[in-house]
Amino acid sequence: MSQPNWSEIVFDPGWLKGLESLARRRFADSVTAEEATTYVLEQLSAGDWQRCRQYTGAAQPTTYLHSLAAKLIEEFSRKRYGRPRPPAWLARQGELWVTLWQRICLERDMVQQVVDRLCAGGHHDSAKLHGIVRSIKARLPWCGSSTLPIPQEYTSADGEQWNISDSAVDHDSLEDSLAQEQLEDTLATLAAIIHGDSDAHVSLDTAQLKRCRERLHIDAEDLLMLRMHFRDGLSFSAIARALAVPSHQPGRQIKRALKSIQHIFDATGVSLDAAFTTLNTGLKIKS
Amino acid sequence: MTDHRRQHALALLATHMAETRIKAEGATPTEEELALLLEGKLAATRRRQILSHLASNPTLYQQWLSLTALYEKPKTNKAPNSLWAILDRGLNNWLVDWRYAGAGLAAAAGLILLVVKLQPAIDSPTNDTALRQAPMEAAERAAVAHREQALRERMESAQRSFRDSVTTIQVSPGEECLLFTKAPQPPSSRGLLCLERIADEDKTRWLWLADADSRELLTHSDGSAFHAALSENQQWLAYRNKRGGDEQLHIIATASLLAGEAEPSRRFATGEQLSYLWRDDQLIVESSVALNEIERGAGTQTESAQGELMLRYRYNPVEDQLELQH
């Protein structure tokens, strides 16, 4: 098939504006964002637009180019900061912790700017995020300090990609996979969610949580919608557009997923209300 | 616990428990497939596989989320043609062309240079200008075109919201203009304050460019990398440069700067790179080591009282107070 005129598309003011938005969303520092933009333009145009030539014509050229640009921005980040490999204890806390770790510890963005960006959608509490950052810095003294180098074990220069499932222990036995430490992390997450204290834990029946986890199966689309809405603060309509589904679908699907989750929690005896009460009356702080 | 809070807790806890068990299916999605996902053109099976990749790969997820956010942005209107638009175009060419200005052009001729360099509107990066006629690699052309476009759009954005915004326009590292809309110096309350590196010399200078005025304010005898930012009320300016091996942060009242007074009201130094931004007309500074306060005029350094690893400071220029934030 004949290739589009990539030069004409890329240098269109509207497309360039989109590229800038991508870079600014990714990097809090404007200079780094600008460097990333320049990198993308150089890579796209190199070798007579060689990187664009994998285009098959199925998607819109502009959308394809933006998708390619988003990848190149990540490539720029990997070349600049290495591929992030968060410590296991941090990875188990979930993606928000990993995002904060990456931005502040690896990319050394200003804490306040990173927090402001994450709170912009109204689904994160600034004090909670600052608490998480303090917890991370307490355990990683090099985090955010330009005088101390980033330990090599936290970045990978090779092609190895970290996945969320890497943070789980891979055993045949489900019992083995639910190590006590992992359960404590789940409890800490529960405490952080309900009480906003990331250093707290509660004494809940861990057997209940084991059963709950065993029965909890959320498919990828439900998981993405839950994450996009409750963690990343996207509206239902934004989720619908991102996943190209009817506008009413995310709301209904999320409601159904929550109902199913609640049913599993009830069936396994895990009660958020009970946990909340326990947290309020008998909170223990990890030493 | 309210219903909303319960739902929030339930969702986050469930995703926390479930996402470590999800496995990616099928081949890693290509960039075009991510575009097709956004456009709703994927077959059901392949779509399901790609969603499993997004759910289990945080980097891919963030990359895809950035892409989707792009398509949420509203379109902006073009600014009308006006004196500011003309100034912008001339300034655009002047700032980008400073390399070609020649050593003979004096700083006081900034406005003259600006007038001489006025060009018709640049509609696309491929239009001919004196800059683009010089032989350049395609990538360099692309980078220059991007900077010009970025500068023009930022100026237009600043012009539209001139009453409330403070805009820093960074053309490239080392070349910045700040848009004033409430400058304390009549006759013009609006102008561009530009910090420019003098070509081929180890100097930087401040230039004031207004509707019918252009004058050089100060010249610094160090030309190393710098950055500047105005407070929201535009009464204070913070700028950063390097002297020797130290990063220095200067805070000066804009009224003083526009009157040509050289001495900043406060100076801090650190041996490490520092970051800062204005918030509620107070300066937030982040430094990995203690800030050393440079005594006014003396050029000496005094050790900070704390002497420990610092994270964040807040400086109030009105009260001249520096506080360590926890």
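Respectively, the protein sequence lines represent chains A and B. Going left to right, the first sequence walks through residues 1 to 287 as this note's numbering numbers them. Going left to right, the second sequence walks through residues 1001 to 1326 as this note's numbering numbers them. Every residue, glycine too, gets a C-beta built ideally from N, C-alpha and C.
Item to check | One or two residues paired with residue 1236/B in a DSSP bridge | outcome: The secondary-structure analysis by DSSP pairs residue 1236/B across a beta bridge with 1253/B.
Checklist entry - Shortest alpha-carbon distance to residue 1354/B belongs to which of 1240/B, 1236/B, 1247/B and 1047/B? => result Chain B is shown only over 1001 to 1326; residue 1354/B falls outside these bounds and no answer can be derived.
Checklist entry - For residue 222/A, which three-state DSSP category applies? => result Reduced to three states, the DSSP call for residue 222/A is helix.
Item to check | Sequence-distant residues of its chain with Cβ nearer than 8 Å to residue 1068/B (five each side left out) | outcome: Cβ within range, chain order: 1038.
Checklist entry - Could you give the residue range of the alpha helix (DSSP H) that holds residue 134/A? => result 126–139
Item to check | Min CB distance residue 1015/B to chain A below 7 Å | outcome: Yes, because at least one Cβ of chain A sits closer than 7 Å to the Cβ of residue 1015/B.
Checklist entry - At which residues does the alpha helix (DSSP H) containing residue 260/A begin and terminate? => result 249–267
Checklist entry - From residue 1325/B to residue 1314/B, what does the alpha carbon distance come to, in whole angstroms? => result 7 Å
Checklist entry - Within the chosen definition, does the stretch 8–26 of chain A reach the stretch 57–75 of chain A through at least 3 CB pairs nearer than 8 Å? => result yes
Next on the checklist: Taking the straight line between their C-alpha atoms, what separation do you get for residue 1276/B and residue 80/A?
Outcome noted: 22 Å
Item to check | Buried or exposed (CB count within 10 angstroms, at least 16 for buried), residue 66/A | outcome: buried
Checklist entry - If we call anything under 7 Å between Cβ atoms a contact, is residue 25/A one with residue 1066/B? => result yes
Item to check | Meets three-Cβ-pair contact criterion under 8 Å: the stretch 1239–1255 of chain B and the stretch 96–114 of chain A | outcome: Judged by Cβ distances under 8 Å, the stretch 1239–1255 of chain B makes no contact with the stretch 96–114 of chain A, as fewer than three pairs qualify.
Checklist entry - So which residues of chain B does residue 223/A contact, with C-beta pairs closer than 7 Å? => result 1015, 1018, 1019, 1022 and 1055
Next on the checklist: For residue 221/A, count the other beta carbons within 10 Å of its own beta carbon; 16 or more makes it buried, fewer makes it exposed. Which is it?
Outcome noted: buried
Checklist entry - Three or more beta-carbon pairs under 8 Å between the stretch 260–272 of chain A and the stretch 1034–1051 of chain B, yes or no? => result no
Checklist entry - Which chain A residues sit within Cβ distance under 7 Å of residue 1007/B? => result By Cβ distance, chain A contributes 258.
Next on the checklist: Counting only beta-carbon separations shorter than 7 Å, does residue 1063/B have a partner in chain A?
Outcome noted: So yes, residue 1063/B belongs to the interface.
Next on the checklist: Taking only three categories from DSSP, how would you classify residue 230/A?
Outcome noted: In the three-state reduction of the DSSP assignment, residue 230/A falls in the helix class, which pools H, G and I.
Next on the checklist: Against chain A, does residue 1040/B count as a neighbour if the rule is that its beta carbon must be under 7 Å from one of theirs?
Outcome noted: yes
Next on the checklist: Between which two residues does the beta strand (DSSP E) holding residue 1270/B run?
Outcome noted: Counting along the chain, the beta strand (DSSP E) containing residue 1270/B begins and ends at 1266–1270.
Next on the checklist: Does residue 1031/B pass the burial test, meaning 16 or more other C-beta atoms within 10 Å, or should it be called exposed?
Outcome noted: buried
Item to check | Contact the stretch 226–236 of chain A vs the stretch 247–266 of chain A: 3+ CB pairs below 8 Å | outcome: Yes, they touch.
Checklist entry - Under the three-state reduction of DSSP, which class applies to residue 13/A: helix, strand or coil? => result helix
Item to check | Neighbour flag for residue 261/A against chain B, beta carbons, 7 Å | outcome: Taking 7 Å as the CB threshold, residue 261/A lines the interface with chain B.
Checklist entry - What does residue 70/A reach in chain B if we use C-beta pairs closer than 7 Å? => result 1063, 1066 and 1067
Next on the checklist: Taking the beta carbon of residue 30/A as the centre, do at least 16 other beta carbons fall within 10 Å, making it buried, or is it exposed?
Outcome noted: exposed
Next on the checklist: Any beta carbon of chain B sitting closer than 7 Å to that of residue 67/A?
Outcome noted: yes
Checklist entry - Of all the options 1059/B, 1016/B and 1269/B, which has the alpha carbon lying nearest to the alpha carbon of residue 1028/B? => result Nearest C-alpha to residue 1028/B: 1059/B.
Item to check | Given residue 15/A as reference, the closest of 1006/B, 1071/B and 1044/B once Cα atoms are compared | outcome: Put simply, of 1006/B, 1071/B and 1044/B the residue whose alpha carbon is nearest the alpha carbon of residue 15/A is 1071/B.
Checklist entry - Can the beta-carbon of residue 1063/B be found closer than 7 Å to that of residue 70/A? => result yes
Item to check | Under 7 Å between C-beta atoms of residue 1291/B and residue 1270/B | outcome: yes
Checklist entry - Does the Cβ-Cβ distance between residue 1278/B and residue 1228/B come in under 7 Å? => result no
Item to check | Entirely enclosed alpha helix (DSSP H) segments - the stretch 43–129 of chain A, minimum 4 residues | outcome: 61–81, 88–91, 95–100 and 111–119
Checklist entry - Which stretch, first to last residue, makes up the alpha helix (DSSP H) that contains residue 1065/B? => result 1058–1070
Checklist entry - With C-beta atoms as the reference, is residue 132/A less than 7 Å away from residue 101/A? => result no
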